[in-house]
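J.: Count the sequence shown with full-length UniProt numbering and you get residues 1 to 577, in order.
Ideal placement from N, C-alpha and C gives every residue a C-beta, glycine not left out.
Please read these numbers as outputs of a predicted model, since none were measured by experiment.
Below is one structure. I have some questions about it.
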Amino acid sequence: MDMIQTLEQDISDIVTTLFNISDVHVLIEHPSDEHNGDYSSNISLAISKQVGKNPREIGDLIITELRKKEYSYLNKIELAGPGFINFYLDPSFLFNDIREKAQNIQQNSESDHLAGEKIMVEYAHPNTHKEMHIGHMRTLIVGEALARIFTHTGAEVFRANYQGDVGPHVAKAIWGTQKILSERGIDWDEADKLTSPEKAHLLGEGYVRGNKDYEAFESEIKDLNQKLYAKDAEVMPIYKKTRQWSLDYYDELYARFGTQFDRFFFESDVADAGVKIVNEHIGDVFSPSEGAIVFDAHQYGLHTRVFITKEGYPTYEAKDIGLAPEQYAAFPFSKNIHVVGDEQAGYFKVVIKAIELINPEMEGKEEHLSMGMVNLKGLKMSSRTGVIITVDGLLEEVKEEVKKIAENTDLSGKVLEEMLEVVTIGAVKYSVLKNDPERYVLFDLEETVSLEGNSGPYLQYVYARCQSILDKSEVDVSAFDGNIFIDSLSELETSLMRHLHNYRTTVQEAADKYKPNLMCNYLFELAQKYNSFYNQKPILQADTQEEMLFRLCLTKATAETIKSGLGLLGISVVNRM
1 MDMIQTLEQD ISDIVTTLFN ISDVHVLIEH PSDEHNGDYS SNISLAISKQ VGKNPREIGD
61 LIITELRKKE YSYLNKIELA GPGFINFYLD PSFLFNDIRE KAQNIQQNSE SDHLAGEKIM
121 VEYAHPNTHK EMHIGHMRTL IVGEALARIF THTGAEVFRA NYQGDVGPHV AKAIWGTQKI
181 LSERGIDWDE ADKLTSPEKA HLLGEGYVRG NKDYEAFESE IKDLNQKLYA KDAEVMPIYK
241 KTRQWSLDYY DELYARFGTQ FDRFFFESDV ADAGVKIVNE HIGDVFSPSE GAIVFDAHQY
301 GLHTRVFITK EGYPTYEAKD IGLAPEQYAA FPFSKNIHVV GDEQAGYFKV VIKAIELINP
361 EMEGKEEHLS MGMVNLKGLK MSSRTGVIIT VDGLLEEVKE EVKKIAENTD LSGKVLEEML
421 EVVTIGAVKY SVLKNDPERY VLFDLEETVS LEGNSGPYLQ YVYARCQSIL DKSEVDVSAF
481 DGNIFIDSLS ELETSLMRHL HNYRTTVQEA ADKYKPNLMC NYLFELAQKY NSFYNQKPIL
541 QADTQEEMLF RLCLTKATAE TIKSGLGLLG ISVVNRM
């Protein structure tokens, strides 16, 4: 049991004893103003009406009992404002905590907070026969960060990717690509010799062409779609070739973003199963309607959706019905989080309700993390018209900007290229992750690569600065006993130590709320606090050896915390920039 759990349990026991209240929900939080302590509880205000006493009177009684516990890690407990109970950590405890972080933060910050949870994170979802655009990039980045954060807090995690590889969009892309190749005098075998990004771009052009010419050639494209669903021998060789083009292209991007999926699920594999399940539940869940099969969810406060068309084709909804048992068989999850855009919020409510009605054991296990869209300033994307920002195109544009800020570095050759790639990926990932997942993101290129604002490169730069100081010191701080220096700490040093201590609970909060942006907020504030400390407190030129060693401990703990935190976001660090 960690510190917060101990305080919550002790307060709950005290309230039960003093006021004969059971099932007390005690919440311990970090105050927004650090002058109000390291932890705070509003329990006195929460139970005031129930107890029939003034909150401050209740708080005094609880504090009297808490002080009898003689917590070794607390310096003081006090009552504040209308009845808040504030807890202040002992400086010696704080120092020992950051010294542990400096030695091995990965080991000391991992927790069993989500122990026993089996979480499937389903993310990325790029349809085959298209290029990956920055909307898919956001789900890829956020999904990977969540998977890492869940793992770090004790859950068993399964990374899943569900992709649309059959349907009208595929027929349009293949039909359009065939037209383009014919016009260029190129056959499929010659096109197969193009690079992976070139083949993906060709399919993207084909999809745009298929949409543009759809009205004029609707019968041809519909006929192709029917043959694809029927797995007609005439069209399957080209289908398989172009599908593999897409998968190879995506694999390269997944590797670049540091993601490895445990399993890929495809619409083509679950479509037939979805149709079968829907047909088996006509009458109890689904019903016929004008030749189609629908789920009328109005009695659940939702809307009606079509699951099988009047032509007999499964819709996305039916495919998800086939997907659910397939995913659960692969990984019997306690929770499956679908990281998908918010435009699908209504869709998921209906589909999840249908899944729960078909199998009541699935109730509460399927969740949709509704993602806000991402756009570049002044540009609205549409894959149908070809106005899109591809992920590889964006990365190259960002890398060109990173090169500008790296002009004064003394790095060269392979080392320089590796640094540019790490900073580029970090810049793009952080620009997405620093925003609440549910809010829309307006991608600002200049802000993304800034070394002065809330950006990935800024945090990587602070880490590199810490490493430079540690390298120059040539001192092993592992054996330093900073307790002899505790009584003379400055407010800057105390504030930095307290913030370093909050790392563990920040990770847990990010896991509970599905919000990696909380990690970004924490790391940015840590970097700012360290820079304030660095600018005002000499480290290698400190007045005494003890002061130098203590400040080196703070520097090492800061570096290790930034490295660990960025790692949970899927961002690497560099020792030199």
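Please list, in chain order, all residues of the same chain as residue 645 whose beta carbon is under 6 Å from its beta carbon, the five residues on each side excluded.
T.: Residue 645 lies beyond the stretch modelled for the chain, which goes from 1 to 577, so this question has no answer here.
J.: By how many angstroms is the C-alpha of isoleucine 180 removed from the C-alpha of isoleucine 355?
T.: Position 355 of the sequence shown, counted from the start, is the residue given in the question as residue 355. Position 180 of the sequence shown, counted from the start, is the residue given in the question as residue 180. Taking the straight line from one Cα to the other gives about 42 Å.
J.: What's the gap between the Cα of asparagine 42 and the Cα of phenylalanine 84?
T.: Numbered from 1 along the sequence shown, position 42 holds the residue referred to as residue 42. Numbered from 1 along the sequence shown, position 84 holds the residue referred to as residue 84. Taking the straight line joining both Cα atoms gives about 5 Å.
J.: Could you tell me the distance, in whole angstroms, from the CA atom of threonine 555 to the CA atom of aspartate 512?
T.: Here residue 555 is taken as the residue at index 555 of the sequence shown, counted from 1. Here residue 512 is taken as the residue at index 512 of the sequence shown, counted from 1. The alpha-carbon atoms of threonine 555 and aspartate 512 are separated by roughly 29 Å.
J.: Methionine 362 and glutamate 343 - do their beta-carbons sit closer together than 9 Å?
T.: As a first step, residue 343 is located in the sequence shown; it is residue number 343 there, counting from the start. As a first step, residue 362 is located in the sequence shown; it is residue number 362 there, counting from the start. Contact: no.
J.: Who does histidine 298 pair with in a DSSP beta bridge?
T.: By one-based count along the sequence shown, residue 298 stands at place 298. Per DSSP, none; premise fails for histidine 298.
J.: By how many angstroms is the C-alpha of leucine 94 removed from the C-alpha of glutamate 34?
T.: In the sequence shown, counting from the first residue as 1, residue 34 sits at position 34. In the sequence shown, counting from the first residue as 1, residue 94 sits at position 94. Cα-Cα distance, rounded: 14 Å.
J.: If contacts are defined as beta-carbon pairs under 8 Å, then lysine 310 and glutamate 290 qualify, I think. What distance do you get, rounded to the angstrom?
T.: Along the sequence shown, read from residue 1 onward, the residue named residue 310 stands at position 310. Along the sequence shown, read from residue 1 onward, the residue named residue 290 stands at position 290. Yes, lysine 310 and glutamate 290 are in contact; Cβ-Cβ is about 7 Å, under 8 Å.
J.: Comparing C-alpha positions only, which one of Asn535, Ser473, Leu302 and Ser468 sits nearest to glutamate 493?
T.: In the sequence shown, residue 493 corresponds to position 493, counting from 1. Among Asn535, Ser473, Leu302 and Ser468, the Cα nearest to that of glutamate 493 is on Asn535.
J.: Using DSSP bridges, identify the partner residues of phenylalanine 314.
T.: Taking the sequence shown and counting its residues from 1, the one referred to as residue 314 is at position 314. One point to set straight first is that residue 314 is proline, not phenylalanine, in the sequence displayed. In the DSSP output, where bridge partners are listed per residue, proline 314 has Ile308.
J.: Which two residues bound the contiguous beta strand (DSSP E) that contains alanine 160?
T.: Position 160 of the sequence shown holds residue 160. Segment 156-163, the beta strand (DSSP E) holding alanine 160.
J.: Since lysine 319 and tyrosine 249 are thought to touch, with beta carbons under 8 Å apart, how far apart are those beta carbons, to the nearest angstrom?
T.: The residue given as residue 319 occupies position 319 in the sequence shown. The residue given as residue 249 occupies position 249 in the sequence shown. Between tyrosine 249 and lysine 319 the Cβ distance is about 23 Å, and since that is not below 8 Å, they are no contact.
J.: Just how far apart, CA to CA, sit glutamate 407 and tyrosine 458?
T.: Position 407 of the sequence shown, counted from the first residue, corresponds to residue 407. Position 458 of the sequence shown, counted from the first residue, corresponds to residue 458. Spanning the two alpha carbons is a distance of roughly 16 Å.
J.: Does glutamate 78 come out as helix, strand or coil in the three-state DSSP assignment?
T.: Translated into positions along the sequence shown, residue 78 becomes position 78. It is a strand residue.
J.: Over the uninterrupted beta strand (DSSP E) stretch that includes histidine 133, give me the two end residues.
T.: As a first step, residue 133 must be located in the sequence shown, where it is residue number 133. Segment: none, histidine 133 is in no beta strand (DSSP E) and carries neither H nor E.
J.: Based on the DSSP output, what are the partners of serine 92 in its beta bridges?
T.: Mapped onto the sequence shown, residue 92 falls at position 92. In DSSP, serine 92 forms no bridge with anything.
J.: Using the Cα positions of aspartate 165 and serine 246, report the straight-line distance between them to the nearest angstrom.
T.: Working through the sequence shown from its first residue, we reach residue 165 at position 165. Working through the sequence shown from its first residue, we reach residue 246 at position 246. C-alpha separation (whole angstroms): 10 Å.
J.: Pull up the distance between the alpha-carbon of glutamate 446 and that of histidine 133, whole angstroms please.
T.: In the sequence shown, the residue the question calls residue 446 occupies position 446. In the sequence shown, the residue the question calls residue 133 occupies position 133. Their Cα atoms are separated by approximately 20 Å.
J.: Is it the case that the CB of leucine 74 approaches a heavy atom of the ligand ZN more closely than 8 Å?
T.: The ligand ZN is not among the ligands present in this structure, which contains no ligands whatsoever.
J.: So, are the CB atoms of arginine 576 and methionine 371 less than 9 Å apart?
T.: On the sequence shown, residue 576 is found 576 positions in, with the first residue counted as 1. On the sequence shown, residue 371 is found 371 positions in, with the first residue counted as 1. It is not a contact, given that the beta carbons lie outside the stated cut-off.
J.: Pick helix, strand or coil for leucine 376, following the three-state DSSP scheme.
T.: Mapped onto the sequence shown, residue 376 falls at position 376. Three-state result, leucine 376: strand.
J.: Counting only C-beta atoms, is asparagine 375 closer than 9 Å to chain C at any point?
T.: As a matter of chain content, chain C is missing from the structure shown, which is built from one protein chain.
J.: To the nearest angstrom, how far is it from the Cα of glycine 274 to the Cα of lysine 349?
T.: Residue mapping note: residue 274 aligns to position 274 of the sequence shown, counting from 1. Residue mapping note: residue 349 aligns to position 349 of the sequence shown, counting from 1. Each residue's alpha carbon lies about 17 Å from the other.
J.: Note down the Cα distance separating leucine 202 from glycine 176, rounded to an integer number of angstroms.
T.: Locating residue 202 in the sequence shown gives position 202, counting from the first residue. Locating residue 176 in the sequence shown gives position 176, counting from the first residue. Cα-Cα distance, rounded: 10 Å.
J.: Determine the burial state of proline 314: buried for a count of at least 16 other Cβ atoms within 10 Å of its Cβ, exposed for fewer.
T.: Locating residue 314 in the sequence shown gives position 314, where the first residue counts as 1. Buried.
J.: Does the Cβ-Cβ distance between leucine 433 and alanine 145 come in under 9 Å?
T.: Walking along the sequence shown from the start, residue 433 turns up at place 433. Walking along the sequence shown from the start, residue 145 turns up at place 145. Result yes, Cβ atoms of leucine 433 and alanine 145 sit closer than 9 Å.
J.: Let me make sure I understand the geometry here. Which of Ile119, Asp444 and Ile186 has the alpha-carbon closest to that of threonine 151?
T.: Along the sequence shown, one-based indexing puts residue 151 at 151. Of the listed residues, the one whose Cα sits closest to threonine 151 is Ile119.
J.: Report the start-end ranges of each alpha helix (DSSP H) in the stretch 437-508 that is 4 residues or longer and not cut off at the edges.
T.: Listed in chain order, the complete alpha helix (DSSP H) runs (minimum 4 residues) inside the stretch 437-508 are 445-448, 456-473 and 491-501.
J.: Taking only three categories from DSSP, how would you classify threonine 390?
T.: Residue numbering aside, residue 390 sits at position 390 when the sequence shown is read from its first letter. Strand.
J.: Pick helix, strand or coil for leucine 411, following the three-state DSSP scheme.
T.: Position 411 of the sequence shown, counted from the start, is the residue given in the question as residue 411. Coil at leucine 411, not helix or strand.
J.: What would DSSP say about proline 288, mapped onto helix, strand or coil?
T.: Counting from one through the sequence shown, the residue named residue 288 turns up at place 288. Three-state result, proline 288: strand.
J.: For lysine 118, does the three-state DSSP call read helix, strand or coil?
T.: Along the sequence shown, one-based indexing puts residue 118 at 118. Lysine 118 falls in the strand class under three-state DSSP.
J.: Let me check understanding here. Comparing Cα to Cα, which of Ser532, Glu317 and Met519 lies closest to isoleucine 293?
T.: The residue given as residue 293 occupies position 293 in the sequence shown. Considering only alpha carbons, the answer is Glu317.
J.: Mind checking aspartate 192: buried by the 16 CB within 10 Å criterion, or exposed?
T.: Residue mapping note: residue 192 aligns to position 192 of the sequence shown, counting from 1. Aspartate 192 comes out exposed.
J.: According to DSSP, methionine 371 sits in a beta bridge with which residue or residues?
T.: Counted from its first residue, the sequence shown places residue 371 at position 371. According to DSSP, methionine 371 bridges with Gly341.
J.: Could you check whether alanine 160 and phenylalanine 266 sit closer than 9 Å to each other, using their CB atoms as the reference points?
T.: Residue mapping note: residue 266 aligns to position 266 of the sequence shown, counting from 1. Residue mapping note: residue 160 aligns to position 160 of the sequence shown, counting from 1. No. Outside cutoff.
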